[in-house]
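Numbering (the numbering used here), first residue to last: 1284 to 1583.
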């Protein structure tokens, strides 16, 4: 059965941020859809309720005079036996003024922010008066807002599946990945590049992995490193982070960083996290671009 959440509220009170959070939770989200089109859209969703199980639709003051029929719109949903909940986001006028001052955005009313707030409260009264939940975001952080929404939609916000972790290996000679949240340098590990039979292999080859793992410093390092990463992840989730990139670098990005990234990704997957693994520079600078790696010979 399709569940519908109607998201509304004051401009600057966090409605757009709330829709992003719903999207992170796997909802199909549509913002500022004309009110007269919503019923037809929902009918489409109901026909394919498996694909459109959870829907969040943003409606705000930009709908203008069409909001006068909002209660009639809800009556139609009840007639169609569509489950819905109206969530209204608000904040104090001073907080909204401060947020507009920080972002330097224009108020959608076209008036000054202070005048726009007064006008908007009147326009949105039809929605506010029938809201199932009113959330005041004046003193909420993004992480706290995510917690509040997770409770409302009956989602355990601390579930690991809502943190998307990307583990990427790279070579320092080609630069640090721009999107990295955590960067760790593994150039202290003995370099297989200087072993002739390993030079053109990669950290995905068993022979390279055995070479790295036979050194005591790696075993000690990885035990502590994996514990450190695991211990910090709940904090990122608590702060509302949905995507985290962990970049692991060595000189060329072929041996040490690749193996460490592979091992970390496997460790995090064993802890039930969603992990995407990639090796940015694994094919660079290898025998004119041609690896003699057993891994690639086998088409892995």
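Don't be surprised by glycine CBs; every beta carbon is placed ideally from N, CA and C. Remember, predicted model here, so these are calculated numbers, not experimental data.
Checklist entry - Per DSSP, what kind of secondary structure is residue 1468 in: helix, strand or coil? => result strand
Next on the checklist: For a test of the three-state rule: what should DSSP assign to residue 1336, helix, strand or coil?
Outcome noted: coil
Checklist entry - Going by Cα to Cα distance, which pick from 1565, 1304, 1410 is closest to residue 1456? => result 1565
Checklist entry - Curious, which full-length beta strand (DSSP E) runs of at least 3 residues does the region 1348-1418 contain? => result 1366-1373
Next on the checklist: I'd like the span of the beta strand (DSSP E) that includes residue 1494, first residue to last.
Outcome noted: Taken as a continuous stretch (DSSP letters only), residue 1494 belongs to no beta strand (DSSP E), being part of the alpha helix (DSSP H) at 1489-1496.
Checklist entry - Are residue 1537 and residue 1486 close, meaning C-beta to C-beta below 8 Å? => result Inclusion of residue 1537 and residue 1486 in the CB contact set at 8 Å is warranted, their separation being smaller than that value.
Next on the checklist: Buried or exposed, going by whether 16 or more other CB atoms sit within 10 Å of the CB of residue 1498?
Outcome noted: exposed
Checklist entry - Does DSSP put residue 1561 in a helix, a strand or coil? => result If DSSP states are grouped into helix, strand and coil, residue 1561 belongs with the strands.
Item to check | Whole-angstrom distance between residue 1298 and residue 1471, CA atom to CA atom | outcome: 47 Å
Checklist entry - Using the beta-carbon count (16 or more within 10 Å), is residue 1320 buried or exposed? => result exposed
Checklist entry - Which same chain residues, not among the five before or five after residue 1357, have their C-beta less than 8 Å away from its C-beta? => result The answer, listed in chain order, is 1367, 1369, 1413.
Next on the checklist: Please classify residue 1383 as buried or exposed, where buried requires at least 16 other C-beta atoms within 10 Å of its C-beta.
Outcome noted: buried
Checklist entry - Is residue 1292 closer than 8 Å to residue 1373 when the C-beta atoms are compared? => result yes
Checklist entry - Just how far apart, CA to CA, sit residue 1294 and residue 1511? => result 40 Å
Checklist entry - Any idea which residues DSSP pairs residue 1314 with across the strands? => result BP columns for residue 1314 point to 1341.
Checklist entry - On the three-state DSSP scale, how would you describe residue 1521? => result Helix, per DSSP.
Checklist entry - Which whole-angstrom value describes the C-beta separation of residue 1447 and residue 1526, a residue pair presumed to lie in contact below a C-beta threshold of 8 Å? => result 5 Å
Checklist entry - Given residue 1407, which residues of its chain have a CB within under 8 Å of its CB, disregarding the five upstream and five downstream residues? => result Counting only residues of its own chain and dropping the five nearest sequence neighbours on each side, residue 1407 has a CB closer than 8 Å to the CB of 1291, 1292, 1293, 1343, 1344, 1350, 1371.
Item to check | Contact under 8 Å by Cβ, residue 1567 with residue 1535 | outcome: Taking 8 Å as the Cβ cut-off, residue 1567 and residue 1535 qualify as a contacting pair.
Next on the checklist: Need the endpoints of the alpha helix (DSSP H) that residue 1430 sits in, please.
Outcome noted: 1425-1435
Checklist entry - Going by C-alpha distance, which of 1415, 1378, 1411, 1409 is nearest residue 1397? => result 1378
Checklist entry - Can you tell me where the alpha helix (DSSP H) with residue 1451 in it begins and where it stops? => result Here residue 1451 belongs to no alpha helix (DSSP H); instead the beta strand (DSSP E) covers 1447-1454.
Item to check | Residue closest to residue 1314, alpha-carbon to alpha-carbon, out of 1341, 1402, 1285, 1301 | outcome: Looking from the CA of residue 1314, the closest CA among 1341, 1402, 1285, 1301 belongs to 1341.
Next on the checklist: Between 1494, 1400, 1505, which has its C-alpha nearest residue 1468's C-alpha?
Outcome noted: Considering only 1494, 1400, 1505, the residue with the shortest C-alpha distance to residue 1468 is 1505.
Item to check | Where residue 1463 sits in the DSSP three-state scheme | outcome: coil
Checklist entry - How far does the beta strand (DSSP E) with residue 1287 in it reach, from first residue to last? => result DSSP places residue 1287 inside the beta strand (DSSP E), whose first and last residues are 1286-1292.
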